[in-house]
Amino acid sequence: NALYRRGLAHEELGQYLDALVDFNLALKLAPTNEGIIAAARRMKGRVPQRVLDPPSRPAADLWLSDHPYNTRSILQLADCDQFPGRIRGFTPMEANPVIKFPCGIG
1324 NALYRRGLAH EELGQYLDAL VDFNLALKLA PTNEGIIAAA RRMKGRVPQR VLDPPSRPAA
1384 DLWLSDHPYN TRSILQLADC DQFPGRIRGF TPMEANPVIK FPCGIG
């Protein structure tokens, strides 16, 4: 109900994309509410299609390392005492080990 009212406020202010986001969130909570469905359809018609479509290009450029590395050197680095609290393991989809450092990198 609050999301629906906030969406209506965004609509009155001309913030159609914000209104559509709120109406879609409200629809997740009440998917059969006819008022929310009508408001979401109304906003979808007002938001330009180019805003709704995902970009056709990649979001970021492909990153290429300046320094060559291999799994053995990374494991040697991860196994040293310089990085306490690290977690070493494997993921179900990868044969290479995965290392998580306390800072979240890995």
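Each residue of the sequence shown is one higher than the last, beginning at 1324 in the numbering used here. Think of the CB as a built atom: it goes at the ideal place given N, C-alpha and C, for glycine as much as any other residue. All of these numbers come straight from a predicted model, not from anything done at the bench.
Identify whether A1353 lies in helix, strand or coil by the three-state DSSP scheme. coil
Whole-angstrom Cβ separation of L1348 and L1326, contact assumed at under 8 Å? 5 Å
Sequence-distant residues of the same chain with beta carbon closer than 6 Å to D1341, five excluded per side: H1333
State the start and end residues of the unbroken alpha helix (DSSP H) segment that holds L1331. 1325-1335
Taking only the alpha-carbon atoms, compute the straight-line gap between L1431 and G1337 and give it to the nearest angstrom. The chain is shown from 1324 up to 1429; residue 1431 falls before or after that span and cannot be answered.
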